[in-house]
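So the sequence shown is numbered by my numbering: it starts at 227 and just counts up by one. Have a look at the structure below before the remarks.
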Amino acid sequence: MKFRAITETPNNSSAKTSAKTKFWIVVFIFLMVYGFLIAKIPWSEVFSPTTVAGGDTGSHNYVAYYATQIFPKLKWWSPDWYAGFPFLYFYPPLLYYLTAILNLVIPWTIALKICTLLGTLLLPIAVYYCLKQLNFEFPIPSLGSALSLLFLFLEAFNIYGGNLPSTLAGEFSYSFALALFFIFIGLLSKDFSEKKRVVPLILILSLMVLSHPFSVIVAVLTAAGFFLVSLLNKNRKSNFIYLAKIFGGAFCLTAFWSLPFLGLMSYTAKMSWTKEINLNNFFPSVLIIWQLIAFLGIFFAWRKKDKRIIPLLLVLLAALIPYLTLNHSSIWNTRFLPFIIVDLLLIASYGLGIMIQKITSLIKGQHKTEKRFITETILIGLIIGVIIFIQLPQQISFLPYWLQWNYEGFEKKERWSDLNQLFNYLATLPYGGVMWEYRGEYDDFGTPRVLENIPIYTGLPTYEGLLIESAISSYFHFINQAETTLTPTSAVAGFEYPQFNFDHGLRHLKLFGAQYFVAYTQDIKNLANARPQDLEKLADRDGFSIYKIKDSVLIEVVPQIALKKKDSNWLNNSIDWYKKMDFSKFYVYYQNEKEHQELKKALTSQNLLTPASNQIQIIKNTGDKLIFTTQDLYKPHLVKISYFPGWQAKGALGPYLISPSLMMVIPQETQVTLTYSYNSFDRIGGALSVITLLGLGVIIPIRRKKTISGNSQRVA
C-alpha cells in the first residue's frame, strides 16, 4: 500500500531553479522557526545549576535526582515518597536515564533542564520529517514546521501535553514522545510498502514506549488503521507480519520496563477521570483559521484523490476515538487532544501548499515558470512572516514569565532563604518520614509541590510525591493529607476523601510510622500545639513549625490479624478498613493457596498467645535494606513500608501484603533482614531485552551488508 497521489501535482518550479535553491529556502525557514523558538528560552537560566521550579516540573527534580543516585540501575526502590514505592516502574524513564548519563559530565540540575526542552526543540523537525516522508513536496513540510510553533506557544491549556505551558507544568516526557510519534508515523507511512526499515521503526517506537504511553496508544491505533486500509490490497498477510515485527520487536526491546509495567499493574493506584470535551480547547481561537484551512485541505485531497493524506487522517481518527469515548477511566481523554491539534496543523500545511499551487497556476504567459516560482516564494515568505511576526507575538502572553520562573529555579526565588532554613533544620534530625501541611502559598517558593523535594535537601523521606499511580500507598497518603490539611490536593481523581479530622489524621500518620509533622498555617499549628500527647514541638523556622510525632514507630507487632484472599477488590476493602479507623484487627492478603497454608501454619503457634514485648530495634535502614532485631519471635510484625514484589526476608517468613498497603513478616530469628531486589518480571523482561538487543546487533550489520552489496551491483 503506497500513500501517494493518484494525480501527481505538477511541478511549478522553474527548470532553472535547482534543488539547491529550494534547499536554502528550507534552511532559511528553519532559521526563522528556530530563531524565534530559541530566542524565547532563557538559556542563561537553563544553564545555571539551580533546581528547576514550576508546577509538577519542580517535583520532577526528585525523580531526576534519585535516577542519578541509583545509576547505572535503570529502576529500583525508593523510600522517599508514599512510604516507599517502585521507582520508575510505572512511569516512562527515558529522560531520567538521559539526565543520569549527562550527570556524568554536567550537574544533574542542568541536565534535567535540558531534557525538559528536548520535545519542544524536536517538534518542528519531527513535523517536517513526517510530511517529507509522506512525499509532500516543497513547501508543505517547511510550512508544517512553522505551523508547529503555533501549537508549541498555544496557551489555551497547560496540562494536556505537548505545548510549552504543559511542558513547563511537568509534561516534558509527553512532549518528547509527541515529537517522536510524528517521526514514527512518517517513517512507517514511507516504509509500509517497501518494508525495509523495520529496525529503525523498532528503535523509534521503543524510545516512545520509554518516553510516554499516550504516543504508543495513538501509534497502535494508527497502525491498526494502516492494516485495515491494507485489507483492500492482496498483501494483508505481509502487512500484518510487518506490523507485528515492529510492535513485537519494540515490546521485546523494552521488556525490561514494559513487562513489569504490565505484569505488576495491580500494585498501582488507579485514577478515574471524567471525560472532558471543551470546544474552546478543541478549536482554540488562535488556531481556528488554520484548522479551517486543514478541513479545506481534506476537501482538496478528496477532490484530487490524493492518498498521501490518508496517514494523517488515520492519526486524526486514532486520537479522536479515545478522546471522544474514554470516561471514568484511568486514562484522561484530554491527553489525546494534542495529537488532534498537531495533526490538523500538518493537514493545514497541505491545504496551504495546495492553495499556493492554485494561486501560482493562474500566472500565464512568457516566463511563467520563473514567475510562478517567485510568486510561490513570496507567498511562503508572507505566510511565515504572518506566523512569526504577527500571530505569535499577539498569541503569547504568560509564557515568557513561566519560562523565566521555571528555569531560574528555587534558589532565585525571594523566599528561598526561608525554605532553606527549614531544609537545614530537617537535615539535622534523625532519619524518619516527614508529613507536611499542603498549601498553595508554597508557590512563592517555586511550586506548591516544593516540599516534595525534602529528600534531596535533607536526606529524609516524605509522603507527598509525584508519580501517584506508581504506589498503592498513595491512596492512603492522600487520605492522611485530607485529614491534616485544610486545603488538600485530592490528587487521586475519582477518589472519595474523608472530611478534615486532625485526630484521625494523627492516628493514620502513626499507622504509617511518620516521625515528623510540619505545619504552616496558624490553624494547623493551633491544633498541633493543643495535642502535646501526640506531638512534641521541635522548632519554628520562618513560618514553619516542626513537630515530632510521639509513639510512632516503623515496626511493631500486629495485635490481631485475619487472612483474606488477594482478589481484584482487595484494595477497595483495605481503603474501607482504613477509613473506619478500627485498627484492632489487620487483614493479610495472601497471594495463593501455598501462601495461605504457610500463614495458617505460622499463625497457630503458641507464641501468639503470649503478650508482645515490642522490643524491636532497627539496626540498619538504607531505603532498600532494613535490618532489625526483635524478641517477639513467631508473631506478625507490621513493617510500615509499602508492599511490592521484590522484597525478600531473611530470618522471617514473608513479606506478606497487610492492610492498608504495607508489609508483614513473621520473624523466625531474632535478627530479620528485608532486602529489595528485582522480581521475576524484572528478570524475565531484562533477559528478553538483552536477547532482542543482541538480535538487532546481528540483524543491522547483515542488512547493511546486503544494502552495500545491492548498491555495488547496481553500480556495476
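Using N, Cα and C, we set each Cβ at its ideal position, and we do this for glycine too. On a predicted model such as this, the values are computed, not experimentally measured, just so you know.
According to DSSP, is Gly-880 helix, strand or coil?
Looking at Gly-880 - three-state DSSP - the assignment turns out to be strand.
Suppose the cutoff is 7 Å on Cβ atoms and the five residues either side in sequence are ignored; what does the same chain contact list for Leu-354 look like?
Sequence check: residue 354 is Tyr here, not Leu. Once the five neighbours on either side are set aside, the close Cβ partners of Tyr-354 are Pro-367, Ser-368, Gly-370, Ser-371.
Excluding sequence positions up to five away, which residues of its chain have a Cβ less than 6 Å from the Cβ of Leu-879?
The answer, listed in chain order, is Ala-828, Ile-892.
With 16 other CB atoms within 10 Å as the buried threshold, where does Gly-923 fall?
Answer is exposed; the Cβ neighbour count stays below 16.
Grouping DSSP H, G and I as helix and E and B as strand, with all else coil, what is Lys-246?
If DSSP states are grouped into helix, strand and coil, Lys-246 belongs with the helices.
Please report the residue range of the alpha helix (DSSP H) in which Leu-540 lies.
Element bounds for Leu-540: 536-551.
Nearest-angstrom Cα distance between Lys-763 and Thr-855?
Their Cα atoms are separated by approximately 30 Å.
Taking the alpha carbon of Asp-766 as the point to measure from, which residue in Ala-745, Leu-753, Ile-750, Ile-842 has its own alpha carbon closest?
Ranking Ala-745, Leu-753, Ile-750, Ile-842 by Cα distance to Asp-766 puts Ala-745 first.
Where does Phe-418 sit, in a helix, a strand or coil, going by DSSP?
If DSSP states are grouped into helix, strand and coil, Phe-418 belongs with coil.
Would you tell me roughly how many angstroms separate the C-alpha atoms of Asn-238 and Ala-245, rounded to the nearest one?
Residue confidence is low: Asn-238 scores 45 on pLDDT, short of 50, so the model does not pin down where it sits. Its coordinate-derived value is still stated next. When rounded, the distance between both Cα atoms is 13 Å.
Measure the alpha-carbon distance for Val-954 versus Pro-318 and round it to whole angstroms.
Given a span of 227 to 942 for the chain in the structure shown, any question on residue 954 remains unanswerable.
Label Ser-885 either buried or exposed according to how many other C-beta atoms from any shown protein chain fall within 10 Å of its C-beta, with 16 as the threshold for buried.
Flag for Ser-885 reads buried.
Helix, strand or coil, according to DSSP, for Gln-894 in the structure here?
If DSSP states are grouped into helix, strand and coil, Gln-894 belongs with coil.
What would DSSP say about Arg-767, mapped onto helix, strand or coil?
If DSSP states are grouped into helix, strand and coil, Arg-767 belongs with the strands.
Since Glu-678 and Gly-691 should fall inside the 8 Å C-beta cutoff, what is the C-beta to C-beta distance between them, to a whole number of angstroms?
Contact holds; Cβ gap of about 5 Å.
Where in the segment 264-347 do unbroken runs of the alpha helix (DSSP H), each at least 4 residues long, occur, reported from the N-terminal end onward?
Taking only runs of at least 4 residues, the alpha helix (DSSP H) segments lying wholly in the segment 264-347 are 269-272, 283-296, 320-328.
Can you tell me where the beta strand (DSSP E) with Gln-843 in it begins and where it stops?
Segment 842-847, the beta strand (DSSP E) holding Gln-843.
Could you tell me whether the segment 650-670 touches the segment 266-278, where touching means 3 or more Cβ pairs closer than 8 Å?
Segments in contact, no.
Starting from Phe-812, follow its DSSP beta bridges and name the residues at the other end.
The partner list for Phe-812 (beta bridge, DSSP) reads Ile-787.
Quick check: what's the CA-CA separation for Thr-848 versus Ile-609?
Whole-angstrom Cα-Cα distance: 60 Å.
What residues are listed by DSSP as bridge partners for Gln-874?
Its beta-bridge partners are Thr-901.
Let's see if you can read the secondary structure: which residues bound the beta strand (DSSP E) around Ile-863?
Note on residue identity: the sequence assigns His, not Ile, to residue 863. 863-868 is the span of the beta strand (DSSP E), which, as asked, contains His-863.
Could you compute how far the alpha carbon of Leu-645 sits from the alpha carbon of Pro-333?
For Leu-645 and Pro-333, the distance between alpha carbons rounds to 22 Å.
Could you give the residue range of the beta strand (DSSP E) that holds Phe-743?
Run containing Phe-743: 742-745, per the beta strand (DSSP E) assignment.
Going by DSSP, what residue range makes up the alpha helix (DSSP H) through Trp-803?
796-806 is the extent of the alpha helix (DSSP H) around Trp-803.
Determine the burial state of Pro-365: buried for a count of at least 16 other Cβ atoms within 10 Å of its Cβ, exposed for fewer.
Answer is buried; the Cβ neighbour count reaches 16.
For Ile-682, name the three-state secondary structure that DSSP assigns.
Residue state, collapsed to three classes: helix.
In terms of residue numbering, what span does the beta strand (DSSP E) encompassing Lys-851 cover?
From DSSP, the beta strand (DSSP E) with Lys-851 extends over 851-856.
Are Leu-413 and Leu-378 closer than 9 Å when you measure CB to CB?
No, Cβ-Cβ distance for Leu-413 and Leu-378 is not below 9 Å.
If you drop the 5 nearest sequence neighbours on each side, which residues of the same chain put their C-beta closer than 6 Å to that of Ala-875?
If we look at Ala-875 and ignore the five residues flanking it on each side, its Cβ neighbours are Pro-881, Val-891, Leu-900.
Nearest to Leu-406 by alpha carbon, out of Gly-387, Ser-419, Leu-431?
Residue Leu-431 is the option with its Cα nearest to Leu-406.
Mind checking whether Asp-908 and Phe-482 have CB atoms under 9 Å apart?
Yes, they are a contact pair.
Please state the DSSP three-state secondary structure of Lys-471.
Three-state result, Lys-471: helix.
Give the DSSP-derived three-state secondary structure of Glu-381 in the structure shown.
Correct three-state label for Glu-381: coil.
Near Tyr-668, which residues of its chain fall below 7 Å by C-beta distance, leaving aside the five closest residues on each side in sequence?
Answer for Tyr-668: Pro-674, Val-676, Leu-677, listed in chain order.
Taking 9 Å as the threshold (C-beta atoms), are Ala-697 and Ser-868 in contact?
For Ser-868 and Ala-697, yes; Cβs fall inside 9 Å.
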